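Residue numbers (UniProt numbering): 1 to 99.
All C-beta atoms, glycine included, are put in the ideal place defined by N, C-alpha and C.
Computed from a prediction, not measured in an experiment: that's the story for all the values here.
Here it is as structure tokens:
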């Protein structure tokens with residue numbers, strides 16, 4: 001049982017349920033180590049010219065329902081956007097950039 005909960009509530013059933021819940025959380029953190037899966041239809045390579053616009057669906061999901069996948073743009077080309085809600089990355093190729 002969870003001794004802290006037992007000492008605070010004096011309810012053995014609640015303490016037992018609390019212990020089971022904590023073991024489940026520990027198991028989740030220990031064994032749910034697979035990374036999220038990204039949209040497999042993404043192109044590996046793209047050839048772009050000045051003014052070409054791309055829209056990529058970078059959405060990802062986890063096989064674990066309790067995991068939240070958050071998309072964060074750290075380094076992106078100038079004039080690009082990443083919608084963190086939808087996972088849509090948009091960019092228009094600019095003359096003179098290396099891409």
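Nearest to residue 43 by CA position, among 37, 56, 66, is which residue?
With distances taken between Cα atoms, residue 43 lies closest to 56.
Go to residue 90, then tell me how far its beta strand (DSSP E) extends in each direction, as first and last residue.
It spans 88-92 - the beta strand (DSSP E) in which residue 90 sits, taken as one unbroken run.
What is the rounded straight-line gap between the Cα of residue 84 and the Cα of residue 96?
A direct Cα-to-Cα measurement between residue 84 and residue 96 gives close to 28 angstroms.
Buried or exposed: which applies to residue 26, given that a residue is buried once 16 or more other Cβ atoms fall within 10 Å of its Cβ?
By the Cβ neighbour-count rule, residue 26 is exposed, with fewer than 16 other Cβ atoms within 10 Å of its own.
Measuring straight from C-alpha to C-alpha, what distance separates residue 28 and residue 88?
A direct Cα-to-Cα measurement between residue 28 and residue 88 gives close to 29 angstroms.
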